[in-house]
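Okay, so here's the structure we're looking at.
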Amino acid sequence: MDLFLKFKKDYFNYLISIILPALISGLSIPVFKHLLGSKGYGIFSIWFNAVLIITVILSGWIFQSILRFYPGSPNKYSFCRHALILSFKTQLVFFIPLFLIAYYINKDFLLSLVCCFTLLIISLQFTILPVIQSGFLSKKIILSETIRILSYVVIATLFLKFSGIKYLYSLFFAVIISYSFSFFYLLRQAILFFGRKKTITNNTDNNDLFNSFFKYGAPLSLWFVISYLLSYVDKLFMNKYLGAEIQGNYQAIFDLLSKSITLIISPILTSIYPILTTAYEKGENFKIRRLIKKVIIYELVSFFIISILYWWFGADLLFFILKIPKTDMFKLTGIIVIAGTFIWQIAILIQKRFELKLKSLFLLAMVAIAFSAQIICYSLFSKNNNQLLYPLGFLLSAIIYLFLISFTDVIAYAKSLKSKQKLFL
555 MDLFLKFKKD YFNYLISIIL PALISGLSIP VFKHLLGSKG YGIFSIWFNA VLIITVILSG
615 WIFQSILRFY PGSPNKYSFC RHALILSFKT QLVFFIPLFL IAYYINKDFL LSLVCCFTLL
675 IISLQFTILP VIQSGFLSKK IILSETIRIL SYVVIATLFL KFSGIKYLYS LFFAVIISYS
735 FSFFYLLRQA ILFFGRKKTI TNNTDNNDLF NSFFKYGAPL SLWFVISYLL SYVDKLFMNK
795 YLGAEIQGNY QAIFDLLSKS ITLIISPILT SIYPILTTAY EKGENFKIRR LIKKVIIYEL
855 VSFFIISILY WWFGADLLFF ILKIPKTDMF KLTGIIVIAG TFIWQIAILI QKRFELKLKS
915 LFLLAMVAIA FSAQIICYSL FSKNNNQLLY PLGFLLSAII YLFLISFTDV IAYAKSLKSK
975 QKLFL
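Under this note's numbering, residue 979 is the last one in the sequence shown; the count climbs by one each step, no gaps.
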């Protein structure tokens with residue numbers, strides 16, 4: 555089967571199933587902003603984003619390694635079982651140290667504890683996700699995300715309205731419960747999948763997973779940390795120089811636009827990488843490049859359509875929903891966030907070629923350069939008190955990263971043009 559046809563089949567399964575979670579997530583942002591206020595919403599976002607960053611450090615390398623090595627593993631049940639055990643042991647090793655660090659920072663015993671349990675359950679859910687994804691069970695993944703997001707919104711709203719518990723505790727309790735629902739659902743689906751394949755009783759030795767996972771996945775784990783900081787550090791600088799009120803409004807705009815776009819585009823990366831890894835194991839490099847180019851064209855078309863709709867009427871609707879002042883600054887902020895999000899997503903798609911070749915250290919170096927440029931930009935110009943600086947810094951880092959990982963292709967294209975010119979001389 556043609557790779558693009560295979561991709562479309564799986565992609566539309568994800569896209570159709572992701573509409574409901576995307577709507578629920580989008581609708582929850584103004585609800586929580588109303589319940590918590592701009593300042594409360596911004597504080598929770600900073601804490602929760604910090605937990606997600608640490609999650610990426612502790613489990614991102616396992617997540618990526620499962621996706622990359624699953625197609626070539628001779629016994630997939632045993633491979634996935636040992637990967638899950640490895641993830642759980644990793645969380646246990648760091649549980650107490652992270653609790654002590656969190657307590658040292660906030661002097662709140664319960665908040666530190668719930669943050670660590672949140673980290674544990676999210677890491678386990680992140681580990682089981684690529685198992686299901688690599689088995690091409692796309693509907694199961696999106697169903698689990700629907701369960702997670704819906705349960706989170708309902709439980710968080712009930713806690714905030716009726717429990718009388720501090721809002722940070724309420725929201726983190728809701729996160730723990732919702733991710734637990736998702737994890738145990740996916741775990742059951744994995745057991746059923748391997749049972750159908752009749753490999754569940756086979757248990758070959760996979761004790762060498764740590765070495766291969768760490769060598770390939772550790773740089774990617776750090777890559778995820780830095781890439782996450784690209785969309786996190788702007789909020790910290792904005793909160794410091796412009797205050798929590800403006801930062802909270804910017805956070806709401808960024809969440810609704812960037813996260814909604816990412817949710818719609820994410821089925822591309824979710825569905826395409828298992829196809830790419832399988833094709834790479836078969837040596838189908840030309841088909842891989844052709845598939846990536848086709849998908850990039852579709853993403854560019856989507857970017858222009860969404861940008862036009864936003865500028866035409868989307869910005870006014872956004873400000874009405876979020877109760878944000880209708881100003882040119884906030885309108886420009888939205889279009890910059892849209893551009894940065896699409897450029898970043900295209901760059902992530904292009905980098906899959908390097909992941910297939912196990913060049914994770916190269917990707918880490920390139921994203922570090924992009925992040926450094928963003929930090930330098932904020933450090934030099936933050937005192938000017940211009941709120942457009944922060945989305946522009948995010949956009950700048952995305953452009954730099956895209957250029958760096960595409961540079962080899964640009965050189966190759968220039969050489970091909972030069973060769974063609976010589977033929978005509």
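Note that CB positions come from ideal geometry on N, CA and C, so glycine has one too.
beta-carbon residue i near the ligand NAP non-hydrogen atom, thresh 8 angstroms
i    : result
G596 : Among the ligands in the structure shown, none appear at all, so the ligand NAP cannot be discussed.
CB contact flag (residue i, residue j, <9 angstroms)
i    : j    : result
F586 : L725 : yes
P945 : D809 : no
L697 : Y658 : no
I815 : I745 : no
L903 : E853 : yes
I703 : F727 : no
P625 : T831 : yes
T672 : V707 : no
G614 : F874 : no
Q805 : S599 : yes
A637 : F767 : yes
F633 : L763 : yes
G888 : I807 : yes
Y834 : L910 : yes
K538 : W865 : Because the chain is modelled from 555 through 979, residue 538 falls outside the range shown and cannot be assessed.
F558 : R844 : yes
L956 : A901 : yes
K937 : Y795 : yes
F649 : L674 : yes
Which of helix, strand or coil DSSP assigns to residue i
i    : result
G626 : coil
I851 : helix
P879 : coil
S785 : coil
K643 : helix
D662 : coil
E835 : helix
G591 : helix
K720 : coil
F978 : For F978, the predicted model reports a pLDDT of 49, less than 50, meaning its position is unreliable; a value from the coordinates is still stated below. F978: helix per DSSP, three-state reduction.
L596 : According to the sequence shown, residue 596 is Gly rather than Leu. Here G596 sits in helix by DSSP.
G980 : For the chain, the structure presents residues 555 to 979; residue 980 sits outside this window and is missing.
F690 : coil
G797 : coil
K562 : helix
Contact belief for residue i with residue j at Cβ below 8 angstroms, rounded distance in angstroms
i    : j    : result
I846 : K906 : 7 angstroms
Q687 : T824 : 6 angstroms
G596 : Q928 : About 20 angstroms; that fails the 8 angstroms criterion.
I981 : S736 : Residue 981 cannot be examined here, being either before or after the span of the chain that is shown, 555 to 979.
message = Which runs of the alpha helix (DSSP H) at least 4 residues long sit entirely within the segment 890-945? Give them in chain order.
response = 906-910, 914-935
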